[in-house]
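Colleague: Take this structure, written in structure tokens, and hold onto it; I'll ask about it next.
There are 2 protein chains.
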Amino acid sequence: MKEFNLIEHFFKQKSGTRKDVVIGIGDDAAVTHIPQGQALVTTTDTLLSGVHFLPNASPHSIAQKAVAVNLSDLAAMGAEPAWISLSLSAPDVDEEWLTEFSRGLQDQIEYYSIQLIGGDTVQGPLAITITAQGFVPYEQAITRSGAKPGDLVYVTGTLGDAGLGLAIAKNEVDQVIEKPLSQVNRDFLLKRLNYPTPRLLTGTQLRRIANSCIDLSDGLISDIKHILKMSACGATLDLEKLPLSQALVNSVDEETALKYALSAGDDYELLFTVSEEQKGNLETTLASANIQVTCIGHLNGNVGNLELKKNNLPYQNNVQGYQHF
Amino acid sequence: MKEFNLIEHFFKQKSGTRKDVVIGIGDDAAVTHIPQGQALVTTTDTLLSGVHFLPNASPHSIAQKAVAVNLSDLAAMGAEPAWISLSLSAPDVDEEWLTEFSRGLQDQIEYYSIQLIGGDTVQGPLAITITAQGFVPYEQAITRSGAKPGDLVYVTGTLGDAGLGLAIAKNEVDQVIEKPLSQVNRDFLLKRLNYPTPRLLTGTQLRRIANSCIDLSDGLISDIKHILKMSACGATLDLEKLPLSQALVNSVDEETALKYALSAGDDYELLFTVSEEQKGNLETTLASANIQVTCIGHLNGNVGNLELKKNNLPYQNNVQGYQHF
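As you go down the protein sequences, you meet chains A and B in turn.
Counting in UniProt numbering, the first sequence runs from 1 upward without gaps.
Counting in UniProt numbering, the second sequence runs from 1 upward without gaps.
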């Protein structure tokens with residue numbers, strides 16, 4: 001089956017039906033319309049087998065995650081998603097694999113009301129590159145560079161679940177888990193790894209409220225440093241406040257849980273900063289949404305310094321090189 | 001060197017300076033503004049080492065080609081290019097390679113006044129995915145589906161050069177070349193392979209004139225079939241009219257030259273169709289541009305049939321299966 005047929009057969013039929021798509025899959029390029037007053041927001045992320053997902057991951061979860069990590073970038077800008085393009089590199093035309101993969105893609109397309117507007121398929125090592133496009137009203141995009149000393153630091157959801165999920169998926173649980181792992185917890189942690197949830201609603205709600213925002217893809221410590229660098233701030237994090245799931249807390253000791261929450265990647269929660277004055281506004285705005293948001297520290301003017309405290313005492317974690325950059 | 005630094009170091013400095021880019025490389029996503037009255041045009045193409053370029057191709061040419069093939073898709077829609085995103089998969093951080101690659105990218109960025117707005121780098125087999133975005137005025141995009149029976153079929157430039165260029169690059173010239181290959185011709189043919197020229201100016205000039213357009217990436221016969229299929233037409237091509245370069249004609253016999261012109265890929269010329277009524281308009285519009293355009297046949301109502309004639313006689317080429325689909 002040739003490339004053209006591959007795209008047509010597996011991806012065109014259920015690629016979505018947005019009214020702002022004038023020309024979708026099947027021409028030299030897609031043509032779409034942006035609403036007046038909205039800026040275009042674009043992001044690209046590649047997932048490579050063996051690097052970003054395990055070779056034995058289900059094609060459904062691979063597709064879902066490839067879309068989710070891109071939508072998470074849009075969420076971090078306060079944007080709403082509209083269209084995706086797919087470049088799929090696959091070693092062969094495995095119809096079963098492609099059927100499951102396209103089902104994962106379609107589930108995301110339907111759930112987020114987005115549309116697949118084009119792409120490319122090549123024969124090569126398994127890799128998925130998605131470009132996601134969305135909108136944000138003019139001058140309302142939330143950046144990494146707008147944070148101010150004094151801002152409160154918040155995160156959505158819980159941290160570290162995907163990190164333990166990865167250890168489970170790689171059968172490395174014996175090394176980290178000291179308590180019996182229940183099926184419920186196991187399922188929850190694997191779901192957090194394989195089916196991350198882009199915090200799109202929260203992202204749009206943070207427009208005009210948050211001074212800065214980033215999505216947590218590489219781990220809390222790595223990612224907050226981007227904000228500190230681009231906003232020329234320092235930060236103090238209060239580790240006893242880190243939101244940890246019951247599944248994580250019930251499966252590993254406290255030290256290990258903190259390690260995952262601080263340095264494991266793939267959480268795809270949002271980290272954002274809000275001035276003291278906007279705190280009330282934030283709480284009112286988020287009250288209607290059923291998304292957990294936790295204040296985990298604050299920013300200061302100590303440029304480039306990341307201070308970790310636990311119950312007001314300096315915290316020495318056993319992962320080197322994370323405290324400063 | 002980590003991914004973040006890789007992008008920062010090699011690609012950010014000379015990524016372009018367009019005024020419509022509000023946020024470029026370095027945040028979760030790029031934010032850009034589309035001019036009023038313009039639709040967004042988006043395309044994605046992946047180039048894989050060993051498939052789309054030879055493993056020993058120069059990094060400069062790989063970058064140039066990766067951009068060019070995407071801009072060629074925009075040209076085929078009648079769009080002007082604005083922004084590109086890059087996903088680079090490379091086996092290691094080879095500074096010399098990356099320097100040359102980024103130089104190729106920057107040359108294209110400057111030449112076409114586009115901007116690199118984001119991307120991703122992963123460690124893996126050498127592959128380049130570029131997403132190109134541009135604009136076209138509302139309702140002026142040129143599609144594959146607008147062709148009508150009676151339309152004249154045109155192509156830009158000359159055909160088949162990249163095909164012979166590939167044979168030269170692969171050291172397969174002994175099999176096809178019967179005449180001595182001069183250095184000038186060799187250089188020309190290799191340049192046509194490695195440095196294709198997206199026909200952007202012609203594309204924009206064809207708005208409101210051409211009924212349909214496609215870029216020739218897979219070869220004339222393969223690509224015209226997309227137009228025939230999507231426009232429900234047939235076509236007769238007059239092979240004696242095919243525009244062939246002196247370099248091609250001087251290097252191989254007539255039969256071989258036609259074979260390359262008909263079925264070799266990578267030309268990245270435009271094929272477009274124009275009604276008889278618009279012929280004068282086309283000639284006037286293109287007169288000022290120094291781009292060769294040749295009428296090579298016409299469309300008819302014989303849906304799905306591609307007829308090849310040479311000097312008014314049916315042409316039997318020795319490549320099977322190309323006459324019909």
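Note that the Cβ used here is the ideal one computed from N, Cα and C, for glycine as well.
#1: Residues of chain B with a CB under 7 Å from the CB of ASP151 (chain A): which are they?
#2: Which partner residues does PHE272 (chain B) have in the DSSP bridge list?
#3: Taking all protein chains shown into account, do 16 or more other C-beta atoms lie within 10 angstroms of the C-beta of TYR111 (chain A), making it buried, or fewer, making it exposed?
#4: What residue range does the alpha helix (DSSP H) around GLN38 (chain B) cover?
#5: Excluding the 5 residues flanking CYS233 (chain A) on each side, which residues of the same chain have their C-beta closer than 6 Å to its C-beta?
#6: Closest to VAL93 (chain A) by C-alpha separation, out of A:ILE117, A:VAL122, A:ASP107 and A:ALA75, would be which residue?
#7: Taking GLN205 (chain A) as the query, report the chain B residues whose CB atoms sit under 8 Å from its CB, ordered along the chain.
#8: For ILE114 (chain A) and chain B, any beta-carbon pair shorter than 8 Å?
#9: Tell me which same chain residues have a C-beta within less than 7 Å of the C-beta of ARG103 (chain B), skipping the five on either side of it?
#10: Quick one: grab the DSSP three-state call for HIS9 (chain A).
#11: Taking its Cβ as the centre, do 16 or more other Cβ atoms sit within 10 Å of ASP267 (chain A), making it buried, or is it exposed?
#12: Does LYS19 (chain A) come within less than 8 Å of chain B when only Cβ atoms are used?
#13: Taking DSSP as the reference, what is the three-state secondary structure of PRO198 (chain A)?
#14: Can you tell me whether PRO198 (chain B) is buried or exposed? The criterion is at least 16 other CB atoms within 10 Å of its CB, across all chains shown.
#15: Mapping the DSSP letters down to three states, classify SER182 (chain B) as helix, strand or coil.
#16: Report the rounded CA-to-CA distance for ASP151 (chain B) versus LEU244 (chain B), giving the unit in angstroms.
#17: On the CB-based measure, 16 or more other CB atoms within 10 Å of its CB, does THR284 (chain A) come out buried or exposed?
#18: Any beta carbon from chain A within less than 8 Å of PRO284 (chain B)'s own beta carbon?
#19: Any C-beta of chain A sitting closer than 8 Å to the C-beta of ARG144 (chain B)?
#20: So the beta strand (DSSP E) PHE135 (chain A) belongs to, where does it begin and stop?
#21: Quickly, what does DSSP pair TRP83 (chain A) with across the bridge? List them, please.
#22: Please list, in chain order, the chain B residues whose beta carbon lies closer than 7 Å to that of PRO125 (chain A).
#23: Starting from PHE53 (chain B), follow its DSSP beta bridges and name the residues at the other end.
#24: Looking at the strands, I want to know which residues DSSP matches up with CYS295 (chain A).
#25: In terms of residues, what are the limits of the beta strand (DSSP E) holding TRP23 (chain A)?
#26: Compare the C-alpha of THR68 (chain B) against each of B:LEU86, B:PRO55 and B:ASN56 and name the closest.
#27: Taking the alpha-carbon positions, what's the TYR195 (chain B) to GLN64 (chain B) distance?
#28: Please list, in chain order, all residues of the same chain as ALA257 (chain B) whose beta carbon is under 7 Å from its beta carbon, the five residues on each side excluded.
#29: Do you know how far the Cα of ALA264 (chain A) is from the Cα of TYR322 (chain A)?
#30: Taking only three categories from DSSP, how would you classify ALA30 (chain B)?
#31: Cβ atoms of ILE221 (chain A) and THR273 (chain A): under 8 Å apart, would you say?
#32: Flag ASP120 (chain B) as yes if its beta-carbon sits less than 8 Å from any beta-carbon of chain A, otherwise no.
#33: Could you run through the stretch 34-48 of chain A and flag, in chain order, every residue whose CB is less than 7 Å away from some CB of chain B?
#34: Is it the case that the stretch 35-42 of chain B contacts the stretch 31-46 of chain A, given that we only count it when at least three CB pairs across the two stretches are under 8 Å?
#35: Which whole-angstrom value describes the C-beta separation of ALA82 (chain B) and GLY203 (chain B), a residue pair presumed to lie in contact below a C-beta threshold of 8 Å?
#36: Classify ARG144 (chain A) as buried or exposed, calling it buried when 16 or more other Cβ atoms lie within 10 Å of its own Cβ.
Modeller: Considering the structure as presented:
#1: Counting from one through the first sequence, the residue named residue 151 (chain A) turns up at place 151. What ASP151 (chain A) touches in chain B: nothing, since even the nearest Cβ is about 17 Å away.
#2: Locating residue 272 (chain B) in the second sequence gives position 272, where the first residue counts as 1. According to DSSP, which records beta bridges pairwise, PHE272 (chain B) is partnered with B:TYR154 and B:CYS213.
#3: Taking the first sequence and counting its residues from 1, the one referred to as residue 111 (chain A) is at position 111. Classification of TYR111 (chain A): exposed, given that the 10 Å Cβ count is below 16.
#4: Counting from 1 along the second sequence, the entry for residue 38 (chain B) is found at position 38. Taken as a continuous stretch (DSSP letters only), GLN38 (chain B) belongs to no alpha helix (DSSP H), being part of the beta strand (DSSP E) at 38-48.
#5: Reading the first sequence from its first residue, position 233 is the one you call residue 233 (chain A). So the qualifying residues of the chain are ALA147, PRO149 and LEU299.
#6: For this step, residue 93 (chain A) is matched to residue 93 along the first sequence. With distances taken between Cα atoms, VAL93 (chain A) lies closest to A:VAL122.
#7: What you label residue 205 (chain A) is simply residue 205 of the first sequence in a count that begins at 1. Chain B residues near GLN205 (chain A): none, gap ~16 Å exceeds 8 Å.
#8: Taking the first residue of the first sequence as 1, we reach residue 114 (chain A) at position 114. False, the Cβ-Cβ gap to chain B never drops below 8 Å.
#9: In the second sequence, residue 103 (chain B) corresponds to position 103, counting from 1. Here the set comprises HIS60.
#10: As a working mapping, residue 9 (chain A) is identified with position 9 in the first sequence. Looking at HIS9 (chain A) - three-state DSSP - the assignment turns out to be helix.
#11: Within the first sequence, residue 267 (chain A) is the residue found at index 267, counting from 1. That one is buried.
#12: Here residue 19 (chain A) is taken as the residue at index 19 of the first sequence, counted from 1. Output row for LYS19 (chain A): interface = no.
#13: For the purposes of this step, residue 198 (chain A) is taken as residue 198 along the first sequence, with counting starting at 1. Note: PRO198 (chain A) maps to coil in three-state DSSP.
#14: The sequence position of residue 198 (chain B) within the second sequence is 198, counting from 1. Result: buried.
#15: As a position in the second sequence, residue 182 (chain B) is number 182, starting the count at 1. Coil.
#16: Residue mapping note: residue 151 (chain B) aligns to position 151 of the second sequence, counting from 1. Residue mapping note: residue 244 (chain B) aligns to position 244 of the second sequence, counting from 1. The alpha-carbon atoms of ASP151 (chain B) and LEU244 (chain B) are separated by roughly 22 Å.
#17: In the first sequence, residue 284 (chain A) corresponds to position 284, counting from 1. Answer is exposed; the Cβ neighbour count stays below 16.
#18: Locating residue 284 (chain B) in the second sequence gives position 284, where the first residue counts as 1. One detail in the question is off: residue 284 (chain B) reads as Thr in this sequence, not Pro. No, because no Cβ of chain A sits closer than 8 Å to the Cβ of THR284 (chain B).
#19: Within the second sequence, the letter at position 144 stands for residue 144 (chain B). Chain A, which has a Cβ nearer than 8 Å to the Cβ of ARG144 (chain B), makes this yes.
#20: Here residue 135 (chain A) refers to the residue found at position 135 of the first sequence. Its beta strand (DSSP E) spans residues 127-137.
#21: Counting from 1 along the first sequence, the entry for residue 83 (chain A) is found at position 83. Answer by DSSP bridge pairing, in chain order: A:GLN115 and A:GLN133.
#22: Residue numbering aside, residue 125 (chain A) sits at position 125 when the first sequence is read from its first letter. Chain B residues near PRO125 (chain A): GLY124 and PRO125.
#23: As a first step, residue 53 (chain B) must be located in the second sequence, where it is residue number 53. According to DSSP, which records beta bridges pairwise, PHE53 (chain B) is partnered with B:SER49.
#24: Taking the first sequence and counting its residues from 1, one reaches residue 295 (chain A) at position 295. The partner list for CYS295 (chain A) (beta bridge, DSSP) reads A:TYR154.
#25: Locating residue 23 (chain A) in the first sequence gives position 23, counting from the first residue. The question names Trp, but residue 23 (chain A) in the sequence shown is Ile. 21-23 is the span of the beta strand (DSSP E), which, as asked, contains ILE23 (chain A).
#26: Taking the first residue of the second sequence as 1, we reach residue 68 (chain B) at position 68. Sequence check: residue 68 (chain B) is Ala here, not Thr. It is B:LEU86.
#27: Numbered from 1 along the second sequence, position 195 holds the residue referred to as residue 195 (chain B). Numbered from 1 along the second sequence, position 64 holds the residue referred to as residue 64 (chain B). Whole-angstrom Cα-Cα distance: 7 Å.
#28: Residue mapping note: residue 257 (chain B) aligns to position 257 of the second sequence, counting from 1. These residues qualify, in order along the chain: GLY160, LEU244, LEU248 and VAL249.
#29: Taking the first sequence and counting its residues from 1, the one referred to as residue 322 (chain A) is at position 322. Taking the first sequence and counting its residues from 1, the one referred to as residue 264 (chain A) is at position 264. The predicted model places TYR322 (chain A) with a pLDDT of 37, which falls under 50 and marks its position as unreliable, so this point remains unresolved.
#30: In the second sequence, the residue the question calls residue 30 (chain B) occupies position 30. Reduced to three states, the DSSP call for ALA30 (chain B) is strand.
#31: The count along the first sequence starts at 1 and reaches residue 273 (chain A) at position 273. The count along the first sequence starts at 1 and reaches residue 221 (chain A) at position 221. Result no, Cβ atoms of THR273 (chain A) and ILE221 (chain A) do not sit closer than 8 Å.
#32: Counting from 1 along the second sequence, the entry for residue 120 (chain B) is found at position 120. Chain A contact via Cβ: present.
#33: ILE34, ALA39, LEU40, VAL41, THR42, THR43, THR44, ASP45, THR46 and LEU48
#34: yes
#35: Against the second sequence, residue 82 (chain B) aligns to sequence position 82. Against the second sequence, residue 203 (chain B) aligns to sequence position 203. Actually they are not in contact, since the Cβ atoms of ALA82 (chain B) and GLY203 (chain B) sit about 14 Å apart, beyond 8 Å.
#36: Translated into positions along the first sequence, residue 144 (chain A) becomes position 144. By the 10 Å Cβ count, ARG144 (chain A) comes out buried.
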